[in-house]
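Residue numbers (the numbering used here), protein chains in the order written: chain U, 17 to 233; chain E, 17 to 233. Think of the CB as a built atom: it goes at the ideal place given N, C-alpha and C, for glycine as much as any other residue. Small disclaimer: the values here were computed from a predicted structure and weren't measured. Here is the structure we will look at, set down as C-alpha cells.
There are 2 protein chains.
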Amino acid sequence: MTLSTAQRVAGVLRDRIEGGGLPPGTRLSEEALGRDLGVSRNTLREAFRLLVHESLVVHRLNRGVFVRVVDAADVTDIYRVRTALECAGVRAAAGAGRPLREAVTAAVDEGERAAAGGDWQEVGSADLRFHRALAALSGSPRIDAAMDRLLAELRLAFHAMPSARRFHEPFLARNRAFVRLLEDGEYATAERELTTYLDDALKLILGALREREEENT
Amino acid sequence: MTLSTAQRVAGVLRDRIEGGGLPPGTRLSEEALGRDLGVSRNTLREAFRLLVHESLVVHRLNRGVFVRVVDAADVTDIYRVRTALECAGVRAAAGAGRPLREAVTAAVDEGERAAAGGDWQEVGSADLRFHRALAALSGSPRIDAAMDRLLAELRLAFHAMPSARRFHEPFLARNRAFVRLLEDGEYATAERELTTYLDDALKLILGALREREEENT
DNA sequence: TATTGAGAATTGTTGAACAATATCTTAGCC
DNA sequence: GGCTAAGATATTGTTCAACAATTCTCAATA
C-alpha cells in the first residue's frame with residue numbers, strides 16, 4: 017500500500033465529482049460519506065483537506081465541505097493565470113528542450129486525430145494537454161503543478177458547456193496555426209495570438225455559463 | 017477561544033522554524049513534540065497539516081514531517097514563477113486601478129524610509145511587499161495567493177543570506193527606477209528590466225547558498 | 001562487507017466522547 | 001396567517017487513547 021487511506025478516499029471523491037456524480041454545490045456529509053466509504057470521520061476529513069488543496073471542494077467553518085461551484089468570476093480569474101503561465105511558456109520556448117517542444121505538437125496531432133474520429137471528448141482532453149504542454153515549456157515544476165490545479169478547476173466549469181464539439185471545433189485550426197508559429201520561431205506573434213485565443217475561449221465559456229444561469233431562473 | 021489548539025501549536029512551530037530553532041531538514045517527532053507542547057498526537061498532526069499547506073514543512077508517508085529544505089533548484093524555480101507572475105503584473109499595469117498602482121509606489125517609498133533609518137530587516141519586508149504589489153497589478157486573487165506562497169518559501173532560503181543590507185541595498189535604486197518606468201508607461205522596458213533584475217537577485221541568492229554549502233563540507 | 005530478519009520505534013487509522021455551531025421545530029405573539 | 005424567539009436536534013470541531021501498519025535499528029550470519 018503506497019497510498020494512504022486518505023489519498024485513496026480523496027481519489028474516489030475526485031472521480032465522483034469530475035464524473036458528475038456529485039454536482040457542484042453538493043454538501044459532503046462526514047457521517048454519511050464515512051459510513052458509505054467505510055472510513056472514520058478523521059480520515060475522511062484528511063481526504064477533504066487534500067481536495068480543498070486541489071480546489072475541488074470548499075470548506076465552510078462549522079458547515080462542512082461542499083463541491084466547488086465555479087462561477088464567472090472564477091473562470092475569468094483562471095484564464096488570467098493561464099494567460100500568464102502559458103505566455104511564460106511561449107517566451108521560454110526558444111530555450112526549451114526538444115521533448116518539451118515535441119509534447120506541444122503531439123497534443124495538437126492527437127486532437128486532430130480525435131476530431132477525425134468524431135471523439136469530441138478526447139478532443140477536449142487533447143486540448144487540455146496542449147495547453148499544459150505550453151505552460152510546461154518553462155521547465156518549472158511549480159508552474160506544472162499550478163497548471164494542473166487550474167485545469168482541474170476548469171473541468172468543473174466545463175460541466176456547463178452544452179456541446180464539446182461546438183466549443184472545441186473552432187480551436188483545432190487555431191492550435192495548428194499556433195504550433196506553426198512556434199516552429200517558425202515567431203514567438204512575439206505567437207504570444208499575441210495566444211492572448212486573443214484565450215480571451216475568445218473565455219468569452220465562449222462565460223456565454224455558456226450565462227445561458228445556464230438564465231435556464232435555472 | 018478564537019484560535020484552535022492546532023493553530024496555536026502551528027504558530028509555535030512556525031516561530032521556531034523561522035527563528036532558526038528548528039533548522040531545515042529536522043524531523044519533527046510526533047511523540048517528542050507532543051509531550052513537549054502538551055498536546056495529543058492528533059492535534060499535533062493537525063498543526064502539521066497547516067504548516068504543510070504553508071510549505072514550511074514536508075510530509076513523507078510513514079516517515080513523518082521534516083522542516084522544509086529549500087535548495088538551489090527550488091530557488092531557481094521560485095524565481096521562474098515569480099518572473100512569470102510579476103511580468104504579467106507589469107503587462108496589466110496600464111489597465112490596473114489606482115489603488116493597485118499606488119501600492120507599488122508605497123512599498124518602494126517605505127523601503128527607502130527604512131533604509132534611511134538603518135532598519136534593513138524592514139527594507140527586506142518592504143521589498144517583498146513591492147514584488148507582491150507588482151504581481152497584484154493583475155487583479156487576480158489566484159496570483160496573489162500563489163505569490164504569497166512563493167514568498168513564504170523564499171523566506172526559508174533567506175536564512176542563508178549573510179547580510180540583509182548587502183543583499184537589499186543595491187536594489188533600492190533599481191526599485192525606484194523601475195517604478196519610474198511604470199509611471200512613465202514604459203511597460204516594455206520595465207518588463208525587460210524586471211527580468212534581468214530578478215535574474216541578478218537569483219544569482220546573489222544562489223551564490224550565498226553555494227557558500228553556505230561549502231562551509232558545511 | 002553485504003544481507004537478512006527480529007524487535008523497537010514511529011507513524012497511520014480508528015472510534016469515541018465532548019464542545020461549539022448551525023439548522024430545524026414549535027410555541028407564542030402581533 | 002405570518003413572524004419571531006426559544007428550545008430541540010443534527011452536524012461539525014477538537015481532543016484523546018488504543019490498535020494496526022510501516023519503517024528503522026542493529027546484531028547475527030554468510
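Checklist entry - Do residue 62 of chain U and residue 22 of chain U have their CB atoms nearer than 9 Å? => result As a working note, residue 62 of chain U is residue 46 in the first sequence. As a working note, residue 22 of chain U is residue 6 in the first sequence. Yes, the Cβ-Cβ distance between residue 62 of chain U and residue 22 of chain U is below 9 Å.
Next on the checklist: Quick check: the Cα distance between residue 141 of chain E and residue 165 of chain U, rounded to an integer number of angstroms?
Outcome noted: If you number the second sequence from 1, residue 141 of chain E lands on position 125. If you number the first sequence from 1, residue 165 of chain U lands on position 149. So the alpha carbons of these two residues sit roughly 29 Å apart.
Checklist entry - Leaving out five residues before and five after residue 169 of chain E in sequence, what residues of the same chain have Cβ atoms less than 8 Å from its Cβ? => result Position 153 of the second sequence, counted from the first residue, corresponds to residue 169 of chain E. These residues qualify, in order along the chain: 71, 84, 86, 90, 94.
Item to check | Buried or exposed (CB count within 10 angstroms, at least 16 for buried), residue 230 of chain E | outcome: The residue labelled residue 230 of chain E in the question sits at position 214 within the second sequence. With fewer than 16 Cβ atoms within 10 Å of its Cβ, residue 230 of chain E is classed as exposed.
Checklist entry - Taking DSSP as the reference, what is the three-state secondary structure of residue 76 of chain U? => result As a working mapping, residue 76 of chain U is identified with position 60 in the first sequence. Residue state, collapsed to three classes: strand.
Checklist entry - Looking at the structure shown, is residue 55 of chain U part of a helix, part of a strand, or coil, going by DSSP? => result Within the first sequence, the letter at position 39 stands for residue 55 of chain U. Here residue 55 of chain U sits in coil by DSSP.
Next on the checklist: Suppose you measure from the CA of residue 153 of chain E to the CA of residue 202 of chain E; what does that come to, to the nearest Å?
Outcome noted: As a working note, residue 153 of chain E is residue 137 in the second sequence. As a working note, residue 202 of chain E is residue 186 in the second sequence. Straight-line Cα distance between these residues: approximately 15 Å.
Checklist entry - If we count Cβ pairs, one from each stretch, closer than 8 Å, do we get three or more for the segment 106-114 of chain E versus the segment 143-161 of chain E? => result yes
Next on the checklist: Does the structure place the segment 178-196 of chain E close enough to the segment 131-146 of chain E that three or more beta carbon pairs sit under 8 Å?
Outcome noted: Touching, yes, given that three or more Cβ pairs across the two stretches are closer than 8 Å.
Checklist entry - For the segment 138-159 of chain U, which residues have a beta carbon sitting closer than 8 Å to at least one beta carbon of chain E? => result 154, 155, 156, 157, 158, 159
Item to check | Neighbour-count burial assignment, residue 215 of chain U, 16 or more Cβ in a 10 Å radius | outcome: Indexing the first sequence from 1 puts residue 215 of chain U at position 199. Looking at its Cβ environment, which holds fewer than 16 other Cβ atoms inside 10 Å, residue 215 of chain U is exposed.
Checklist entry - Which class does residue 17 of chain E belong to by DSSP, given the choice of helix, strand or coil? => result Residue 17 of chain E sits at position 1 when you count from the first residue of the second sequence. The predicted model places residue 17 of chain E with a pLDDT of 44, which falls under 50 and marks its position as unreliable, so this point remains unresolved.
Checklist entry - Can you list the residues of chain U that residue 77 of chain E reaches, using a CB-CB cut of under 7 Å? => result Residue mapping note: residue 77 of chain E aligns to position 61 of the second sequence, counting from 1. Within 7 Å Cβ-Cβ: 20.
Item to check | 9 Å Cβ cutoff met for residue 147 of chain U and residue 98 of chain U | outcome: Within the first sequence, residue 147 of chain U is the residue found at index 131, counting from 1. Within the first sequence, residue 98 of chain U is the residue found at index 82, counting from 1. For residue 147 of chain U and residue 98 of chain U, yes; Cβs fall inside 9 Å.
Checklist entry - Thinking C-alpha only, which one of U:144, U:136, U:135, U:137 is nearest residue 122 of chain U? => result As a first step, residue 122 of chain U is located in the first sequence; it is residue number 106 there, counting from the start. Of the candidates U:144, U:136, U:135, U:137, the one whose C-alpha sits nearest the C-alpha of residue 122 of chain U is U:144.
Checklist entry - Quick one: Cα of residue 119 of chain U to Cα of residue 149 of chain U, how far? => result Taking the first sequence and counting its residues from 1, the one referred to as residue 119 of chain U is at position 103. Taking the first sequence and counting its residues from 1, the one referred to as residue 149 of chain U is at position 133. Whole-angstrom Cα-Cα distance: 6 Å.
Next on the checklist: At the 9 Å Cβ level, is residue 230 of chain U part of the contact set with chain E, yes or no?
Outcome noted: Position 214 of the first sequence, counting from 1, holds the residue named residue 230 of chain U. At a cut-off of 9 Å between C-beta atoms, residue 230 of chain U does not count as an interface residue with respect to chain E.
Checklist entry - Just to confirm, does residue 108 of chain U get its C-beta within under 8 Å of one of the non-hydrogen atoms of the ligand ATP? => result In the structure shown, the ligand ATP is absent, as is every other ligand, since no ligand is present at all.
Checklist entry - At a Cβ cut of 8 Å, what residues of the segment 66-99 of chain U count as close to chain E, listed as they run along the chain? => result 69, 93, 94, 96, 97, 99
Item to check | Limits of the alpha helix (DSSP H) - the one that residue 42 of chain E falls within | outcome: Your numbering for residue 42 of chain E matches position 26 in the second sequence. Here residue 42 of chain E belongs to no alpha helix (DSSP H), and DSSP marks it neither H nor E.
Checklist entry - Per DSSP, residue 187 of chain U forms a beta bridge with which residues? => result By 1-based counting over the first sequence, the position of residue 187 of chain U is 171. None, per the DSSP bridge assignment.
Checklist entry - Could one say the Cβ of residue 62 of chain U lies closer than 9 Å to chain E's Cβ atoms, at least one of them? => result Along the first sequence, read from residue 1 onward, the residue named residue 62 of chain U stands at position 46. Closer than 9 Å: yes.
Item to check | Cα-Cα separation, residue 161 of chain E to residue 135 of chain U | outcome: By one-based count along the second sequence, residue 161 of chain E stands at place 145. By one-based count along the first sequence, residue 135 of chain U stands at place 119. Distance between the alpha carbons of residue 161 of chain E and residue 135 of chain U: 37 Å.
Item to check | Distance, residue 104 of chain E Cα to residue 104 of chain U Cα | outcome: Counting from one through the first sequence, the residue named residue 104 of chain U turns up at place 88. Counting from one through the second sequence, the residue named residue 104 of chain E turns up at place 88. Going by the C-alpha atoms only, they are around 9 Å apart.
Checklist entry - Do residue 81 of chain U and residue 43 of chain U have their CB atoms nearer than 9 Å? => result Against the first sequence, residue 81 of chain U aligns to sequence position 65. Against the first sequence, residue 43 of chain U aligns to sequence position 27. Result yes, Cβ atoms of residue 81 of chain U and residue 43 of chain U sit closer than 9 Å.
Checklist entry - What is the rounded straight-line gap between the Cα of residue 17 of chain E and the Cα of residue 24 of chain E? => result Position 1 of the second sequence holds residue 17 of chain E. Position 8 of the second sequence holds residue 24 of chain E. Residue confidence for residue 17 of chain E is low, a pLDDT of 44 falling below 50, so the modelled location carries little weight and cannot support an answer.
Item to check | Residues of the segment 165-181 of chain E with Cβ closer than 7 Å to any Cβ of chain U, in chain order | outcome: Within the segment 165-181 of chain E, no residue qualifies.
Item to check | Residue-chain proximity (residue 188 of chain U, chain E), Cβ-Cβ < 9 Å | outcome: Position 172 of the first sequence, counted from the first residue, corresponds to residue 188 of chain U. Not closer than 9 Å to any Cβ of chain E, the Cβ of residue 188 of chain U fails to qualify, so no.
Checklist entry - Under a three-way DSSP split, which group does residue 86 of chain E fall into? => result Numbered from 1 along the second sequence, position 70 holds the residue referred to as residue 86 of chain E. If DSSP states are grouped into helix, strand and coil, residue 86 of chain E belongs with coil.
Item to check | Interface partners of residue 101 of chain E on chain U, CB under 8 Å | outcome: As a working note, residue 101 of chain E is residue 85 in the second sequence. Residues of chain U passing the Cβ test: 100.
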